[in-house]
Amino acid sequence: MSAADQQNQVVLGALCMCAAMLAGASIDISVKALAPTYSTAQIVFLRSAIAIPLVLVLVWHQVGLKALAGAGMGWQLWRGLLTAGANFGFFYGLITVPLVTALMLAYIGPVLIVLLARPLLGEHLSPGRVVGVLLGFAGVLFVIRPDTLAVEPAILAILGSAVCWALLSISNRQLATKVSTPVLTFYTYPVSLLIALVWVWGEFVVPVVAWDWALFAMTALGSALAHWFAALAYRFAAAGVVAPFEYTALIWISLAGYVFWNEVPAWTVWVGGVAVIVGGFVALRS
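In my numbering, the protein residues as written are 5 to 290.
As structure tokens, this is what we get:
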């Protein structure tokens, strides 16, 4: 592959990650609006139930349904569990944590990708990357301010969600040349659907407002697009190249948090968030 082709691949990877983050922001905004009325399990269940038929059509059109049988079920079960952890953790956290604060905490994900890429992908962990990782974790501590003893379960859930997302992102890279993007996208849903079904059984609240159905549909469509574009991003470029573009979600989340919920984050959130972002850039560029 020529240098120009490689550069084009990097640009495509960056654009796909930006698109994934825009789609992901639509999920977070919808979940934040639904959380006061519906349980986390029901949100995950309906999102997965609506998304699965959409993704199946995509699989059928792109590679054929037979491709689902050769995807490596052990890998897909692992990825399904990671997706469930990422979904339940972040959605639960959004019930009480402001949008921007939640996103700043989730931004530890790219830093974790760098940290985990060494043992899982064999990527070199240089001194610069170590500095970036430490700076990112310091930023998280600044956001949650553990000295105030206000580290709530919701915050821990979001941090756990970030760990799951980092491992899921690395798995996308590990499987990029082995499993097609539509198939990778499909297998992020069944495990979440089954776990949510067990959890919500007997406590399902039927949405009666059309707007609520629209929000659930937005979570499903946004989820399908987010997983699709994220898988494409890691197919086009290395994890260390595309991961920083996850930060573009902050634009949409900040705007929505202020417009819809009048959320103005404390200065500590911004300072800590900047430290996390700078740490991510330092780690990924070293």
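Cβ coordinates follow ideal geometry from the N, Cα and C atoms, glycine included.
A quick note: this is a predicted structure, and the numbers were derived from the prediction, not measured.
Check: Which residues in the same chain as Leu38 place their Cβ atom closer than 8 Å to its Cβ, once the five residues preceding and following it in sequence are excluded?; Outcome: Ile47, Asp216, Leu219, Phe220 and Thr223
Check: Rounded to whole angstroms, what's the CA-CA distance from Val137 to Val212? Just pull it up for me.; Outcome: 46 Å
Check: Rounding to the nearest angstrom, what Cα-Cα distance links Leu120 and Val144 in this structure?; Outcome: 18 Å
Check: Determine whether the beta carbon atoms of Glu267 and Leu50 lie at a separation below 8 Å.; Outcome: no
Check: So, for Ala161: in the same chain, excluding its five sequence neighbours on each side, which residues have a beta-carbon less than 7 Å away from its beta-carbon?; Outcome: Gly93, Tyr96 and Gly97
Check: What is the DSSP secondary structure of Ser258, counted as helix, strand or coil?; Outcome: helix
Check: Under the three-state reduction of DSSP, which class applies to Tyr193: helix, strand or coil?; Outcome: coil
Check: Where Thr3 and Ala158 are concerned, what is the direct C-alpha to C-alpha distance, given to the nearest angstrom?; Outcome: The displayed coordinates of the chain run from 5 to 290. Any statement about residue 3 would go beyond what the structure contains.
Check: Whether or not the segment 178–197 and the segment 61–74 are in contact is what I'm after, with contact meaning three or more pairs of Cβ atoms, one per stretch, closer than 8 Å; do they touch?; Outcome: yes
Check: Restricting to runs no shorter than 4 residues, where is the alpha helix (DSSP H) found entirely within the segment 21–108?; Outcome: 44–66 and 77–97
Check: If I follow the unbroken alpha helix (DSSP H) through Ala224, where does it start and stop?; Outcome: Ala214 to Phe240
Check: Would a check of beta-carbon distances place Ala279 closer than 8 Å to chain B?; Outcome: In summary, chain B is missing from the structure at hand, where a single protein chain is found.
Check: Is any non-hydrogen atom of the ligand FMN found closer than 7 Å to the C-beta of Ala224, if you look at the structure I gave you?; Outcome: Among the ligands in the structure shown, none appear at all, so the ligand FMN cannot be discussed.
Check: Please return the same chain residues whose Cβ sits closer than 6 Å to the Cβ of Ser43, not counting the five positions on each side in sequence.; Outcome: none
Check: To the nearest angstrom, how far is the alpha carbon of Glu156 from that of Asn91?; Outcome: 18 Å
Check: Within this structure, are the beta carbons of Leu16 and Phe240 separated by less than 8 Å?; Outcome: yes
Check: In three-state DSSP terms, what is Val273?; Outcome: helix
Check: From which residue to which residue does the alpha helix (DSSP H) around Leu179 run?; Outcome: Premise fails: Leu179 is in no alpha helix (DSSP H) and is neither H nor E.
Check: Give a yes or no on contact between the segment 77–89 and the segment 163–181, applying the rule of three or more CB pairs nearer than 8 Å.; Outcome: yes
Check: Quick one: residues in its chain with C-beta nearer than 6 Å to the C-beta of Leu153, no 5 flanking neighbours on either side, listed in chain order?; Outcome: At Leu153 the pLDDT is 44, less than 50, meaning the model places this residue with poor confidence; the figure from the coordinates comes in the next sentence. If we look at Leu153 and ignore the five residues flanking it on each side, it has no Cβ neighbours.
Check: Are the beta-carbon atoms of Ala242 and Ala24 separated by less than 8 Å?; Outcome: no
Check: Leaving out five residues on either side along the sequence, give the residues of the same chain with a beta carbon under 7 Å from the beta carbon of Ile257.; Outcome: Ala29, Asp32, Leu103, Val104 and Leu107
Check: May I ask you to report which of helix, strand or coil DSSP gives Phe249?; Outcome: helix
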